[in-house]
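Taking it in order: structure first as structure tokens, then the write-up.
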Amino acid sequence: MEATLERGDTSIALPLVEEGGGSPLVAVDIGKPELDVHSSGVLDPRTMDQWSGLEQYTLFVKFYDSNAYDDAIVLADLLKSYSGGDPLLLNIPMSEFDSDIEVAPAAGQDEATSMTYPPGIRDYVEIDLSLTRVSNTFGEGTQDASTPTATGSGPIELADGSTTVELSTGVEVSRSVGRPNSSTRRSTKQLPTYRDKRKAAHDAFELSFEFVDGAVSDVTAIADLFRTKLGRDSLTLDFNGLYGLGSFAVVPDGSNALRHTRSSGEQGVTLVPSVNLRRVHEESA
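First residue of the sequence shown? That's 1 in full-length UniProt numbering, and the numbers climb one at a time after it.
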């Protein structure tokens, strides 16, 4: 079973893969966050329902063939791009859903989609996709996103121009994309409108792995990269073709951008459960 997501000339199939009974394919949350509840003197409040409601769609997608990595890139770029007012349309081949549902990429949230590349499994990407249903999309002009691509099989490297750290094999990679600076606006219709703003998008990576050989020196090198004041410069995250991905300008993301641990009984092994990096504008470009 495949849903589809399209805008203009770009259309992508979203496989909803059933893996035994009970596995979720689509979830819909419907609510009324704009319901006006009066705190007057009566025991049960009076209400006024005059504004649009909220419908959130979550799709659990799996790309699993030779085009998996290319499809993941197309989806990421579609969601990250500035729409310019062109509607994003969702079709789900189930009888309870309307056709050509107009949606926005999880309006106001950092992550509209999370893509996980499990280590050791070729041509396979797991996708959690979050979309907000809207009545209209507004915006002017276009700003197309483009994921850097390359051919090869790795390794993944993190560098600052003078120091390069090669990450160990078996790295779990997650990429999240969204448009947090665009927003929905309440309306007197059943659904809100979507104002797509020509502002920065969210594009981030989370890596998880372990160092065995040379663990101390490698972890120290990564920690030093994260401690450095970058100014207007950035780090380079280079996949060297792994998952079809190329080189990204990134900076450490958040107050817990790097976490590494040592456990008793595991001499010479350092776990790095999270390296969080956000893609930024490359000043030299």
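Glycine included, each C-beta is placed from N, C-alpha and C at the ideal position. Treat the numbers as computed from the prediction; the structure is a model and nothing was measured.
Distance CB(residue i)-CB(residue j) smaller than 8 angstroms
i	j	result
residue 287	L16	The chain is shown only over 1 to 285; residue 287 falls outside these bounds and no answer can be derived.
I73	T147	yes
A104	L75	no
P45	V134	no
D160	T228	yes
S217	G108	no
A204	D253	yes
G246	F239	yes
L237	L225	no
A150	G241	yes
E102	T116	no
In DSSP terms, what residue i is bridged to
i	result
E2	P15
L207	V173 and V275
F60	D128
P252	L277
E102	L89
For residue i, the three-state DSSP class (helix, strand or coil)
i	result
I73	helix
G108	coil
S162	coil
S247	strand
V219	helix
P227	Strictly speaking, residue 227 in this sequence is Arg, with Pro absent from that position. In the structure shown, R227 sits in a helix (DSSP, three-state: H, G or I).
A68	helix
L78	helix
Same chain, Cβ closer than 6 angstroms to residue i, five either side skipped, listed in chain order
i	result
A27	T58
A285	Because the pLDDT at A285 is just 48, under 50, the model does not fix this residue reliably, and the value given afterwards should be weighed accordingly. No residues qualify anywhere along the chain.
P87	E102 and T137
Cutoff 8 angstroms; reference residue i; Cβ partners in own chain excluding five residues on either side
i	result
D70	G244
V171	P119, I156, L207, S208 and F209
Same chain only: Cβ atoms within 7 angstroms of residue i, ignoring 5 sequence neighbours per side
i	result
residue 299	A question about residue 299 goes unanswered here, because the residues of the chain that appear run from 1 up to 285.
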